[in-house]
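S.K.:
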Amino acid sequence: MPYKFTFDLSKVPRFFFTELATVSHQKGVHKAVFKTTHDLIVKFKIQEATGLNLADAMILLEDLVDLQAINLTERKRFLETERRVLFLPHCSRKFMDNRCKAIFEPSIPTYICDHCSDDCLVNKADAQARSKGYDVYIVPGGSCIPKILKNNNYQGVVGIACGEEMKMMSHLLPIINVRGQAIPLIKNGCANTVFNLETLDKVL
Ligand code: SF4
Ligand code: SF4
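The opening residue of the sequence shown carries number 10 in the numbering used here; numbering runs sequentially from there.
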């Protein structure tokens, strides 16, 4: 399910994400970080940078903090897994129309990248993950993920999507005994979305 608002954190200084990680670590210990999240919004002028109102900015940052806290909790168990998969969002492809040469395989369902554009984020992430032994799916939505996990006995999963989608998945994974790491999109909107490749490299 997408957020009811659009956001773009891609121009926010990298230091913001370092502080976000620190707050997330604190949340793993203390749980309540409402004031700190609010302070981050003010300090990095998130409302001005993104055009979000305070309520939406709070939802977004709380989700980012929650996901990072879950990542930290799950990290050790994730690193112990052997059979791993990366789920990429179809909305981060360079093209959403027939200029994208990926083949859609409806039986899975997934797009299979044809590597038509060197500067396509999905293409780069696909290559990055496969070089580290991951299987890769470029999925049209989150609802197909449980079936793919079950059919292939994956033990570890890295997922990239917007925060709301990732939160739903983070509740499901422990139930089916799969260890996950989440990478939230830093620009949403369901087309031309953006995630950070450096973050992906670290997580993989
Ligand atoms: S590089 Fe792959 S995902 Fe990107 S536009 Fe081309 S075929 Fe589609
Ligand atoms: S931004 Fe991408 S991941 Fe989020 S709901 Fe839209 S299509 Fe799905």
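C-beta: ideal position from N, C-alpha, C; glycine also.
Just the C-alpha distance for T90 and Q190, rounded to the nearest angstrom, thanks.
M.R.: Going by the C-alpha atoms only, they are around 12 Å apart.
S.K.: To which residues does DSSP link G165 through a beta bridge?
M.R.: Partner(s): R93 and R188.
S.K.: Judging by CA-CA distance, which residue of N160, R102, R108 and L181 is the nearest neighbour of S116?
M.R.: It is N160.
S.K.: For F53, does the three-state DSSP call read helix, strand or coil?
M.R.: Coil.
S.K.: Ligand 1 and C122: does the residue's C-beta get closer than 7 Å to at least one heavy atom of that ligand?
M.R.: C122 Cβ: within cutoff of ligand 1.
S.K.: Consult DSSP for T45 and reduce its assignment to one of helix, strand or coil.
M.R.: Three-state result, T45: helix.
S.K.: Pull up the distance between the alpha-carbon of R102 and that of T208, whole angstroms please.
M.R.: Going from the Cα of R102 to the Cα of T208 covers about 18 Å.
S.K.: Report yes if the C-beta distance between L213 and V203 is below 8 Å; otherwise report no.
M.R.: No, Cβ-Cβ distance for L213 and V203 is not below 8 Å.
S.K.: Would the region 171–189 and the region 129–147 be scored as touching if the rule is three or more Cβ pairs under 8 Å?
M.R.: As far as the Cβ criterion goes, the region 171–189 does not touch the region 129–147, which means the pair count is below three.
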